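Okay, structure first, notes after.
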Amino acid sequence: MPGHCLGSVPSGSVFLYSLLPALSIDGIIHASLVEGSFTTARFRDFIEGLLDRMQPFPALCSVIIMDNARIHKDPSIQQLIEER
Numbered sequence: 541m542p543g544h545c546l547g548s549v550p551s552g553s554v555f556l557y558s559l560l561p562a563l564s565i566d567g568i569i570h571a572s573l574v575e576g577s578f579t580t581a582r583f584r585d586f587i588e589g590l591l592d593r594m595q596p597f598p599a600l601c602s603v604i605i606m607d608n609a610r611i612h613k614d615p616s617i618q619q620l621i622e623e624r
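Written out as structure tokens, the structure is:
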């Protein structure tokens, strides 16, 4: 699940940022920071960037594990991963 960070400015406006990291046993291999929340389209962009840093299975950095968040269930996400 992405982390959220709230910031405020003197006028009282509040900004919401979401951070989504991809972790490996060696640390963070890819991350994305967006204003607002992650949508399916933003998550797809994140996965495309992540896949550029991954290896074909069974090499290191070749497995993606996701929970059951709604944005993870879009069929285009699975298709994008399997096509690589």
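Residue numbering for the sequence shown follows the numbering used here, starting at 541 and increasing by one per position. Even glycine gets a Cβ: it sits at the ideal position worked out from N, Cα and C. Small disclaimer: the values here were computed from a predicted structure and weren't measured.
### Message
Report the CB separation of Ala583 from Ile617 in whole angstroms; it is logged as a contact under 8 Å.
### Response
According to the sequence displayed, residue 583 carries Phe and not Ala. Confirmed, Cβ separation roughly 7 Å.
#### Entry: Ala581 burial status per 10 Å Cβ neighbour count (16 or more: buried)
Exposed: under 16 other Cβ atoms inside 10 Å.
### Query
Which residue's Cα is closest to the Cα of Asp566: Asn608, Phe555 and Cys601?
Taking each of Asn608, Phe555 and Cys601 in turn and checking the Cα distance to Asp566, the smallest one comes out for Cys601.
### Query
Can Leu560 and Phe597 be called in contact, C-beta distance under 8 Å?
The answer is no: Cβ separation not under 8 Å.
### Message
Applying the 10 Å Cβ sphere with the 16-neighbour rule, what's the burial state of Leu590?
### Response
buried
### Query
Which residue's Cα is closest to the Cα of Gln595: Met606, Arg624, Phe555 and Ala562?
Arg624
### Task
Could you have a look at Ser496 and say whether DSSP puts it in helix, strand or coil?
Shown here, the chain extends from 541 to 624; a query on residue 496 therefore has no answer.
### Task
Report buried or exposed for Ala562, applying the criterion of at least 16 other Cβ atoms within 10 angstroms of its Cβ.
buried
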